[in-house]
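Before any comments, here is the structure.
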Amino acid sequence: MHLEYEHAAASGLRRYVNTVAQELGCSGEAYYAHVDPAPAYAYIALDDRLSDHPGEDTALVWNENDGWAVAIEVTAGHELTVVRYFGRELLPPPPDVARFVEDVFAGRAPEAGPAGTTDAAAVRQHLATYAIPYQERVTARPGRPAEQARRRPTS
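Residue 95 in UniProt numbering sits at position 95 of the sequence shown; the count goes up by one each step and never skips.
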């Protein structure tokens, strides 16, 4: 695979997950995302706890095979157990993911299985669409250099 393509997929995943975290109202760096090694994976820590699992921390997790899921951390070793899968699509719009999380916490999210995709190349191509295109650095700036602007001749 080309480095630019992998970079775009990684950048796209980070941007996509960051947008989901913002939709959820997460503050700071409350997420983790990686493309390599496979499978691509993301984790967003959630502040609230599920009413039927009050003693466990919750997280929103994503991987390129299963899609989004709300999970609980059941051990001190941070092992995750999925409580509910989003299931409908692998990379849904961030507002849909936020509604899914809200529905899980409200107890109204329907039962769903994992999205179930195995086409890693298609997933990475889709992730790359979320990347911000690379722009060349501007080497020449319009106007006078700062030092020339400061040195005005006195008459």
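Ideal Cβ positions, reconstructed from N, Cα and C, are used throughout, including at glycine.
Legend entry - Contacting residues, own chain, Cβ-Cβ under 8 Å from residue 38 (five flanking each side not counted): 64 and 120
Inset, instruction - Can you tell me which of 52, 72 and 95 puts its alpha carbon nearest to the alpha carbon of residue 43? - result: 72
Inset, instruction - Output the distance between the C-alpha atoms of residue 34 and residue 108, rounded to the nearest integer angstrom. - result: 30 Å
Legend entry - Continuous beta strand (DSSP E) stretch holding residue 34: start and end: 31-34
Inset, instruction - Could you spell out the range, first to last residue, of the beta strand (DSSP E) harbouring residue 80? - result: 80-85
Inset, instruction - Check whether the Cβ atoms of residue 83 and residue 60 lie closer than 8 Å to each other. - result: no
Inset, instruction - Along the beta strand (DSSP E) that carries residue 90, what are the first and last residues, could you check? - result: Looking at the DSSP string, residue 90 is not in any beta strand (DSSP E), and its letter there is neither H nor E.
Inset, instruction - Taking residue 89 as the reference, give the member of 126, 7 and 102 with the closest Cα. - result: 126
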